[in-house]
Structure formats: structure tokens, C-alpha cells
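Residue numbers (the working numbering), protein chains in the order written: chain A, 1 to 181; chain B, 1 to 181; chain C, 1 to 181; chain D, 1 to 181; chain E, 1 to 181. Yeah, the Cβ is synthetic: ideal placement off N, Cα and C, and Gly gets one too. Owing to the predicted nature of the structure, the values given are computational and were not obtained by experimental measurement.
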Amino acid sequence: MAKKNSDKKDSTKKQKKGSKAKKVRIGVVDTMFARYDMGQAACDELAICPGYNKTFKVVTQTVPGFKDLAVAAMNMIEEDGCSIVIALGMPGSAPIDKQCAHEAAQGIMQAQLFTGTPILEVFVHEDEASDPKVLASVFENRSRKHARNAYWMLFEPEQLRRRAGQGIRQGFDDAGPLQLK
Amino acid sequence: MAKKNSDKKDSTKKQKKGSKAKKVRIGVVDTMFARYDMGQAACDELAICPGYNKTFKVVTQTVPGFKDLAVAAMNMIEEDGCSIVIALGMPGSAPIDKQCAHEAAQGIMQAQLFTGTPILEVFVHEDEASDPKVLASVFENRSRKHARNAYWMLFEPEQLRRRAGQGIRQGFDDAGPLQLK
Amino acid sequence: MAKKNSDKKDSTKKQKKGSKAKKVRIGVVDTMFARYDMGQAACDELAICPGYNKTFKVVTQTVPGFKDLAVAAMNMIEEDGCSIVIALGMPGSAPIDKQCAHEAAQGIMQAQLFTGTPILEVFVHEDEASDPKVLASVFENRSRKHARNAYWMLFEPEQLRRRAGQGIRQGFDDAGPLQLK
Amino acid sequence: MAKKNSDKKDSTKKQKKGSKAKKVRIGVVDTMFARYDMGQAACDELAICPGYNKTFKVVTQTVPGFKDLAVAAMNMIEEDGCSIVIALGMPGSAPIDKQCAHEAAQGIMQAQLFTGTPILEVFVHEDEASDPKVLASVFENRSRKHARNAYWMLFEPEQLRRRAGQGIRQGFDDAGPLQLK
Amino acid sequence: MAKKNSDKKDSTKKQKKGSKAKKVRIGVVDTMFARYDMGQAACDELAICPGYNKTFKVVTQTVPGFKDLAVAAMNMIEEDGCSIVIALGMPGSAPIDKQCAHEAAQGIMQAQLFTGTPILEVFVHEDEASDPKVLASVFENRSRKHARNAYWMLFEPEQLRRRAGQGIRQGFDDAGPLQLK
Chain A
1 MAKKNSDKKD
11 STKKQKKGSK
21 AKKVRIGVVD
31 TMFARYDMGQ
41 AACDELAICP
51 GYNKTFKVVT
61 QTVPGFKDLA
71 VAAMNMIEED
81 GCSIVIALGM
91 PGSAPIDKQC
101 AHEAAQGIMQ
111 AQLFTGTPIL
121 EVFVHEDEAS
131 DPKVLASVFE
141 NRSRKHARNA
151 YWMLFEPEQL
161 RRRAGQGIRQ
171 GFDDAGPLQL
181 K
Chain B
1 MAKKNSDKKD
11 STKKQKKGSK
21 AKKVRIGVVD
31 TMFARYDMGQ
41 AACDELAICP
51 GYNKTFKVVT
61 QTVPGFKDLA
71 VAAMNMIEED
81 GCSIVIALGM
91 PGSAPIDKQC
101 AHEAAQGIMQ
111 AQLFTGTPIL
121 EVFVHEDEAS
131 DPKVLASVFE
141 NRSRKHARNA
151 YWMLFEPEQL
161 RRRAGQGIRQ
171 GFDDAGPLQL
181 K
Chain C
1 MAKKNSDKKD
11 STKKQKKGSK
21 AKKVRIGVVD
31 TMFARYDMGQ
41 AACDELAICP
51 GYNKTFKVVT
61 QTVPGFKDLA
71 VAAMNMIEED
81 GCSIVIALGM
91 PGSAPIDKQC
101 AHEAAQGIMQ
111 AQLFTGTPIL
121 EVFVHEDEAS
131 DPKVLASVFE
141 NRSRKHARNA
151 YWMLFEPEQL
161 RRRAGQGIRQ
171 GFDDAGPLQL
181 K
Chain D
1 MAKKNSDKKD
11 STKKQKKGSK
21 AKKVRIGVVD
31 TMFARYDMGQ
41 AACDELAICP
51 GYNKTFKVVT
61 QTVPGFKDLA
71 VAAMNMIEED
81 GCSIVIALGM
91 PGSAPIDKQC
101 AHEAAQGIMQ
111 AQLFTGTPIL
121 EVFVHEDEAS
131 DPKVLASVFE
141 NRSRKHARNA
151 YWMLFEPEQL
161 RRRAGQGIRQ
171 GFDDAGPLQL
181 K
Chain E
1 MAKKNSDKKD
11 STKKQKKGSK
21 AKKVRIGVVD
31 TMFARYDMGQ
41 AACDELAICP
51 GYNKTFKVVT
61 QTVPGFKDLA
71 VAAMNMIEED
81 GCSIVIALGM
91 PGSAPIDKQC
101 AHEAAQGIMQ
111 AQLFTGTPIL
121 EVFVHEDEAS
131 DPKVLASVFE
141 NRSRKHARNA
151 YWMLFEPEQL
161 RRRAGQGIRQ
171 GFDDAGPLQL
181 K
């Protein structure tokens, strides 16, 4: 139980850094390619978070496909001053789509490291569900949950700490924790 | 419906940056390896976009194969002042070709992040259609559609926003959006 | 037996660099996604290492999933002054999970190279054991062993040297060394 | 037919940059691992290009295996002043060899982006032909063709432009272009 | 036979750079995970190279596993002044081990490009031989051969040039060259 004595990282630092005179900015970037308006779902969730348009505001952009997300997210951080970005896309179901998703995800990973700023990759694979209505609900749920995660990362990191190792999922039900004995 | 209130990113910024005295530049780089003149198709589409050779002009280059696209595109941005580049290539159908396509795509991804500038990767895989005429039409259509996307990204970002989550495709018919209920 | 004459790298350098007035910091970053509180296990092990809260202290953070570990670890080094970070996560068992694990691991690799600082990637794959209790013990054991490795790397590098080529494992039993003859 | 009106990128820029007082340099790096003297084939082709040892000269190096090509090529650019490098290697036929080839190719890709200079990756996979004599001819032909490509990229870019989309190959016969109708 | 007239890259440059007042340094980094003391084998070979402890000396470090090699090797170059590093590790035989080996190898590749300095990746895959004694001999032989390669790269590059395209192997017998006719 040593953890309670450990130093808590001050996750509001980036928030402060960006909030001199203007509001903290959260970026939302989505694609024409996806078959669901993931960006809208993320924006809807952010709109019901505390401080919407007061403490923070939302910047949006749409790009052609998921491979275009990384540089767009990077520019939202470096040029638009976003403190975090939610990058939403839908890889298709063919093998080559998996490879493309890999390239897109690697780009998002690198953009985070180049900027030192989190970019939440929110991908729904077209083959995660065969029923279009189920798939649509995965799009809606995962986009909203990660928008909430972005909010927590900036403003309520203790919400994340509280759920450490709890098998939390976005899009489907939580998996729950395992027991040692 | 919170999105309508959100901040729209000003996508014409790069355009302005590059347009002090000279025209905005759009780069088109293609290969000897491809079995279709993809660069010509992209140039043909750009030639019918508003402002061609007035607001913007096109810079072209041809390299041996698709692995040579990334550094060429990067140099078109850094040395020739392009605000966006369309990188066109054709991976073959063997397993090793998929791996090479992966390397080429990763390079294009990194070139974007190194320059902070979009490079639209336009790849037509040789095995996307068995009928040569169908394949040729995929080459023509995808090259043109992405050239149009490049134009939109610089000059009409609202065209992209309007199509967010609509299952838009290049080369084949659009997939269309899914319904939540 | 030439090695005994070779130069021993002074592994306490980083320690000194970070310890002017304040304690050396060890970072522990874990996820909500994992089904075991890996961060707690790592912290428990560090709490029984010599010098805990005297020579060194522990900084913790929780992120949503394992793809969020890399930039978080990087920031714990660059902003919080950690001399080493333990990054703990659980990839799922589906093929796409392996791909995501690959992306997460590549990010952690790059974060190390960008910072010049070790980040110990501690991943337990959900399919390493079918019995939940066995899997839980792998989580506990591997998290603790790598926490101890982190401590050794900073303060007792001779512990590592002594075990070179000995087939040491974390999570399962050691494999042991092979004999030439 | 808009392309004819477009701006031609001046590909001789790098040449000029490097040719103040001294000759342009073309790098050739090969391996001990390959089963054919690819570097010699490339050098033989360059020796019959116009301006050999007048306009340009050739710098050579041999490394152990193809994973050692990337940093060697990078240093030939940054330390020896090469304007382009031809990197020649032979991946083996086992699955692990394909993975190693992937790593080597990624390194060559990154070296290009780090230096802003083309490095032509010339790999002959050991399983491209079962007949040793056929395989040897692939080695010879591909090494020479890419050496010629390197020369064209620096001195005669119109040779590349003229062949855009023509299905040009190195090592085997050209595939030729597809027809739209 | 044009090659004989070409410029030979002066491979002793790095050596000179590092040898103002102090000896050239060769780094050797190995792991606890491997089942053979690869670092010792490399050091034994270096100890019988000309100039050992006169012209050059050896710096060693041991890390937990092969994913920890890249940043360690990078620091041996940047902080300890090594002119080349030999990075030795043993990936396991499961599919996930191949993926981890890939990540480790990519890291070593990037570390080379970040530092502009060669790092010889010496991996022995646990499934290269089923007989433990044969496998042990692969460990010993490959580690020694690459240590010798490192020495040649710094001090006798003509040894490499002489073997270009000769199908040289480490760990197993040489494959030999193919004949064109």
C-alpha cells in the first residue's frame, strides 16, 4: 500500500500552461472515411463536461482518412494550442486496412512524442460488430468515453487513478479486475 | 449538437503563410513503377479546381518507386515551399510488396510529422481489381479524388467537415454512414 | 575472461544528475485498461527497496490504455525529472490487440531514445495464462521484478552484471543458462 | 494534360549545392552478407554514366549486413557530402529474414528523412529466383538499374518524368502501363 | 572494375575523433534475459584484437532484456564516448517474442540514426537450433564474429571491402557468393 505515500503527478500543469489569458483547448479531429460521425459524439460528450466553454473550449477539424489524423492532431497542438487531442477514425476490415490502421496509429504515437502532448487514438474497426446498429453504438460509446477520458486527464486525473487496473473498456462493457487469490 | 458552437480551425493559415508574394504551391509526386500515370490524373483534377495557376500552382516530380516518395515529398515542402503534397504510388500484389508498401507509408507518415504539413498518401494496390480496365479506373478516380481533397484542405475545409463520418471513399463507391437507430 | 579488465560504466550518473538537492525520482505509470493493479505491485516492491523515500521517491500516474503510456512516461522524465520509468500495461488477446501492443511498445521505445532515459516496458498479455489466478500472479510477479530491475539499474548495476546471460525471467521461472560443452 | 504547364522541380539543386569547388558525390554502400558483389555492379554502371569522375565521383563502403546500411548511408551523406546514396543488400528467405529486411528498410527510410537526401534501397531477396544464375542476373541488373536511377535523379530528372506510370522495373522485365479504355 | 578507382571512405575518422587524448572506446551491452553470456564472448574476442587496451578499450553494461539495449547503447555512445557498440540479445521462440525482437531491433536502428554511430545488433533467436549445445555454439560464434566486425569497422575497413558480396555469415557457415555465369 505504498502508493498512497507516493508523489502525485500534477496533471493540471498543461492546463495551467495553456490558460494564461485564454481557455484550455481540447482538439477533436475526425474523418470523412468513417461511417459514423465520431467527432460529433466526442463533442456532445465534452459539451456536458463541467466547465465547457468556460474552463475549456473545443477545436475541431475533419480530414479525409485516418492516415491524415496524425499531422492534423500535431498541428492542433502546435498551432492551435490544444492541450490534448481526440483523434477519431474507422479502419476497414480487409487485411490491408489493418496495415493502414497500424501506420495511422504509429503516426499518432509519434505525434504525441514530438509534441509531448497526449493524443487519444479512438479507432473503431469496421469488423468489431456485424450488426450495423451494434457497430453504431460502439462508435457512439467509444467516442464519448474517450472524450470523457480526455477531460479527466486534464481536469480530474484522480478519476483515472481510482480506476487503475480495473479492466475499464470503451465501446463495450468493462472487463473488470482479476483477483490474485 | 454541440459541435456547431465549437471553434473552427482556420485551415487557410498555411495558405496565407505561403502566399505573401507568390502563389500557394501544391506538390504532386509520382513513380515510374506504377502502371498508370497517377500524377497526370492528379494534375488534371487540380487544373479544374478554382484558382488554378492564379491562387495556387502545381509542382511535380517523378521518382523511381513508392519508397522514394517520402523524402521527395518532404523536399517539395521544405525546399519548394509546397503547402501540401499528393504522393501517388502502386504497391504490387506479392506479400513482400505489402511490406514495402508499409515502409513507404511509414515514411510518408513521418515526413508529415517532420514538416508539420499534410502529405496525402494515394496508393492503389495492384490487386485491388483483377480487370485491368477496372484497375485503371481506380487509379484515375482515386488520384483525382485525393487531388480534390488536397485542394479542399487548403481552400475549402468546410467541404470536409460537411462529409464527416459519411463513409466517403476514393477509387470505389462511397460506403455511406451507419445509423444508431 | 577479458571482461573483468574492462571499464565498468558508471550507472549512478543519472542518479547524481538528478540528486543535487532533491531525491532521485522513479516513475510508475499504469492503465485503467489492465485487469490488475500493476502500478500498485510496482510501488509495493519499490517501497521495500533500500533508500525508499530517502534516496529516491516514486511518482505515479494512471492513463486510459497502454497506448497512452509512452507520452506519459516521456513527460514523467522531462517534466517531473524521473531518472527511470516503469510503464505497465495489459494487451488483450485478439490479433488487433497484438498490433496495438506493438504500437504501444514502439512508442515506449522511441520515448526512451528521445529522452536518453530507460523506460521499462512491463506488458502482461491477457493470453499468457488461461487460469485467472495464474494470470494474476504473473501480473504481480512481473510488475515487482521489473520495479526491482529499475532500482538495480539506478543503484546497484552490479546485480544486473552478475546475472548476464543467465536466462532471467519476470512473471515466470528463470530459463537458466545454456552450456557450450 | 495540365501537367505540361506545371512547374518542374529543379532536381539539379542538390547537385549545385554540392558542386561549388568539388565534384558531386554519389555513395555506394554494400554488404559482406549478400551473395553477389552488388556494389561492384552499381559502380560499373556509374562508370559508364556521362561525367563519371568529371562531374561526379563515387564513394564506397562495405558493412557487415543490411541492417548496417542505414547509418552508413547517413554518414556518407552527412560526413562525406554525398548527394545521393545507393544502398545494396540481400535479405535471406526465412520469415525472420523478412522481418530483418523490414527493419533495415525502415532505417533507410528514416535516414533519408533525417538527411533530406534520397537513399535508393536496392534489396534482392534470396528467394526471388531458385536458379542461382537467374538470381545472379537479378542482382546485376537491379544494382545497375538503380545506379542509373541515382544518376538520373541528380542529372537527368526528365528521364524519370518521361517514364512516369509506365510500370518500370529493376531486376525483371518492365510490367508496362495499364489502359483506362 | 570501376570500383578500384572510386574514393575509399576513411573509416578511421570516428576513431580519430574519439582519440584525442584517450583511447577509442568500443561498447558491449548484453542482457540478463539471454541464456548465454554473449557479452563475455564479445569481450573475449575484442581482447585478442590488435591494440586491445592500447589503441582501444572496452566499456560494458548489462540490462534486463533486449528491449532495454537501444537506449543503453545510445547512452554508451553519447555519454561514454563509444565509437561503436555491440548490442547482444536473445529473442525467445514464441510469436510475441518475434514481435518484441522487432521492436528491439527498430530501437537499435533508430539509436544508430540518432547518434550517427554504428550499433551492431547481435541477436540469437532461441529457435535457431533445437540442440542446446549447437545453440550455445551459435551464441559464442556470432558474438565473437560481430565483435571482430566492430573492430574491423573502426580499424581495418579493408577487411570488410575484401569480403563484399561473399555471403559472409555469423553463427553458421558462410553461404558463399553466387556466379553470374
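> Whose Cβ in chain E lies nearer than 9 Å to the Cβ of C/M109?
Replying inline: Taking the first residue of the third sequence as 1, we reach residue 109 of chain C at position 109. Under the 9 Å cutoff, chain E gives K67, A70, V71, E103, A104, Q106, G107, Q110.
>> Quick test of the definition: if touching needs 3 or more C-beta pairs under 8 Å, does the stretch 119-127 of chain B touch the stretch 139-150 of chain B?
In response: yes
> Secondary structure at E/R25, three-state DSSP: helix, strand or coil?
Replying inline: As a first step, residue 25 of chain E is located in the fifth sequence; it is residue number 25 there, counting from the start. Looking at E/R25 - three-state DSSP - the assignment turns out to be strand.
> Thinking just about the alpha-carbon of each residue, which of B/L113, B/T115, B/C100, B/G171 is nearest to the one in B/V134?
Replying inline: Taking the second sequence and counting its residues from 1, one reaches residue 134 of chain B at position 134. Answer by Cα proximity: B/G171.
>> Out of A/L113, A/R25, A/A34, which one is the CA nearest neighbour of A/V138?
In response: Within the first sequence, numbered from 1, the residue matching residue 138 of chain A stands at position 138. That would be A/A34, whose Cα lies nearest to the Cα of A/V138.
> Below 8 Å between beta carbons: does that hold for E/L88 and E/G27?
Replying inline: Along the fifth sequence, read from residue 1 onward, the residue named residue 88 of chain E stands at position 88. Along the fifth sequence, read from residue 1 onward, the residue named residue 27 of chain E stands at position 27. Not a contact, by the Cβ cut-off of 8 Å.
> Counting Cβ pairs, one atom from each stretch, are 3 or more of them under 8 Å apart for the stretch 101-110 of chain D and the stretch 66-86 of chain D?
Replying inline: yes
>> Report the CB separation of A/T55 from A/V85 in whole angstroms; it is logged as a contact under 8 Å.
In response: Along the first sequence, read from residue 1 onward, the residue named residue 55 of chain A stands at position 55. Along the first sequence, read from residue 1 onward, the residue named residue 85 of chain A stands at position 85. No, A/T55 and A/V85 are not in contact; Cβ-Cβ is about 17 Å, not under 8 Å.
> Are the beta-carbon atoms belonging to D/M32 and E/A164 less than 8 Å from one another?
Replying inline: Looking up residue 32 of chain D in the fourth sequence gives position 32. Looking up residue 164 of chain E in the fifth sequence gives position 164. Yes; because the gap between Cβ atoms is below 8 Å, this pair is in contact.
> Within 7 Å: the Cβ of C/L154 and any heavy atom of the ligand FMN?
Replying inline: As for the ligand FMN, it is missing from this structure, which has no ligand bound.
> What do you get for A/A94, buried or exposed, if any count of 16 or more other CB atoms within 10 angstroms of its CB means buried?
Replying inline: Sequence index remark: in the first sequence, residue 94 of chain A carries index 94 (1-based). By the neighbour-count rule (16 or more Cβ atoms within 10 Å), A/A94 is not buried but exposed.
>> Tell me which residues share the same chain as C/G116 and place their Cβ nearer than 8 Å to its Cβ, disregarding the 5 neighbours each side in the sequence.
In response: Here residue 116 of chain C corresponds to residue number 116 of the third sequence, with the count starting at 1. The answer is none, since no qualifying residue turns up.
> According to the Cβ coordinates, are B/L160 and A/T62 closer than 8 Å?
Replying inline: Along the second sequence, read from residue 1 onward, the residue named residue 160 of chain B stands at position 160. Along the first sequence, read from residue 1 onward, the residue named residue 62 of chain A stands at position 62. Contact flag set, yes.
> So which residues of chain A does B/N149 contact, with C-beta pairs closer than 7 Å?
Replying inline: Against the second sequence, residue 149 of chain B aligns to sequence position 149. Within 7 Å Cβ-Cβ: P64.
> Near C/E196, which residues of its chain fall below 8 Å by C-beta distance, leaving aside the five closest residues on each side in sequence?
Replying inline: An answer regarding residue 196 of chain C cannot be provided, because it is not within the stretch 1 to 181 covered by chain C.
> Just reading off the alpha helix (DSSP H) that E/A114 is part of, what are its end residues?
Replying inline: Taking the fifth sequence and counting its residues from 1, the one referred to as residue 114 of chain E is at position 114. Position check: residue 114 of chain E holds Phe in this sequence, whereas Ala was assumed. Here the alpha helix (DSSP H) through E/F114 covers 95-115.
> Hey, is E/G165's beta-carbon within less than 8 Å of any beta-carbon in chain D?
Replying inline: Here residue 165 of chain E refers to the residue found at position 165 when the fifth sequence is read from its first residue. Answer yes: the Cβ-Cβ gap between E/G165 and chain D drops below 8 Å somewhere.
> Taking all protein chains shown into account, do 16 or more other C-beta atoms lie within 10 angstroms of the C-beta of B/S130, making it buried, or fewer, making it exposed?
Replying inline: Reading the second sequence from its first residue, position 130 is the one you call residue 130 of chain B. Per the 10 Å Cβ criterion, exposed.
> Quick one: what's B/D30 bridged to in DSSP?
Replying inline: Position 30 of the second sequence, counted from the start, is the residue given in the question as residue 30 of chain B. Its beta-bridge partners are B/T62.
> What is the DSSP secondary structure of A/I48, counted as helix, strand or coil?
Replying inline: On the first sequence, position 48 is the one that residue 48 of chain A refers to. In this structure, A/I48 counts as coil in the three-state DSSP scheme.
> For C/K57, does the three-state DSSP call read helix, strand or coil?
Replying inline: Within the third sequence, residue 57 of chain C is the residue found at index 57, counting from 1. Residue state, collapsed to three classes: strand.
> Does B/I168 come within less than 8 Å of chain A when only Cβ atoms are used?
Replying inline: One-based indexing of the second sequence puts residue 168 of chain B at position 168. Judged by the 8 Å Cβ criterion, B/I168 is in contact with chain A.
> Given that D/P91 touches chain E, what residues does it touch there, using C-beta distances under 7 Å?
Replying inline: Locating residue 91 of chain D in the fourth sequence gives position 91, counting from the first residue. Near D/P91 there are no residues of chain E at all, since even the closest Cβ is about 13 Å away, more than 7 Å.
>> Can you find the residues in the same chain that come closer than 7 Å, C-beta to C-beta, to C/C82, ignoring five residues on each side of it along the sequence?
In response: As a first step, residue 82 of chain C must be located in the third sequence, where it is residue number 82. For C/C82, where only same-chain residues beyond five positions count, the Cβ hits under 7 Å are R25, I26, G27, V59, M76.
> So which of D/R162, D/Y151, D/P132, D/D174 has the shortest CA-CA distance to D/I48?
Replying inline: The count along the fourth sequence starts at 1 and reaches residue 48 of chain D at position 48. Checking every option, the nearest Cα to that of D/I48 belongs to D/Y151.
> Which term fits D/G176, buried or exposed, when burial requires 16 or more other beta carbons within 10 angstroms of its beta carbon?
Replying inline: Against the fourth sequence, residue 176 of chain D aligns to sequence position 176. By the neighbour-count rule (16 or more Cβ atoms within 10 Å), D/G176 is not buried but exposed.
> Given that A/L120 touches chain C, what residues does it touch there, using C-beta distances under 8 Å?
Replying inline: Reading the first sequence from its first residue, position 120 is the one you call residue 120 of chain A. Here the neighbours are P64, D68.
>> Helix, strand or coil for E/F139? Go by DSSP, reduced to three states.
In response: The count along the fifth sequence starts at 1 and reaches residue 139 of chain E at position 139. E/F139 falls in the helix class under three-state DSSP.
> So is A/Q179 buried or exposed if we call it buried at 16+ other beta carbons inside 10 Å?
Replying inline: Against the first sequence, residue 179 of chain A aligns to sequence position 179. Exposed: under 16 other Cβ atoms inside 10 Å.
>> Closer than 8 Å between beta carbons: that is the criterion. Which residues of the stretch 73-85 of chain A meet it against chain B?
In response: M74, N75, M76, E78, E79, D80
>> Quick check: is the beta carbon of B/D127 nearer than 8 Å to any beta carbon in chain D?
In response: One-based indexing of the second sequence puts residue 127 of chain B at position 127. It does not: the Cβ of B/D127 has no partner Cβ on chain D nearer than 8 Å.
>> Less than 8 Å between the C-beta atoms of C/A73 and C/V29, yes or no?
In response: Counted from its first residue, the third sequence places residue 73 of chain C at position 73. Counted from its first residue, the third sequence places residue 29 of chain C at position 29. The answer is yes: Cβ separation under 8 Å.
> Can you find a CB in chain E that lies within less than 8 Å of the CB of D/K133?
Replying inline: For the purposes of this step, residue 133 of chain D is taken as the residue at position 133 of the fourth sequence. So yes, D/K133 belongs to the interface.
>> Could you check whether the Cβ of A/D30 sits closer than 8 Å to any Cβ belonging to chain B?
In response: Locating residue 30 of chain A in the first sequence gives position 30, where the first residue counts as 1. Cβ-Cβ to chain B under 8 Å: yes for A/D30.
> Should A/D37 be labelled buried (16 or more other beta-carbon atoms within 10 Å of its own) or exposed?
Replying inline: Reading the first sequence from its first residue, position 37 is the one you call residue 37 of chain A. With 16 or more other Cβ atoms within 10 Å, it is buried.
>> Run through chain D and tell me which residues come within less than 7 Å of E/P95, C-beta to C-beta.
In response: Position 95 of the fifth sequence holds residue 95 of chain E. Within chain D, no residue comes near E/P95; the closest Cβ sits about 10 Å away, beyond 7 Å.
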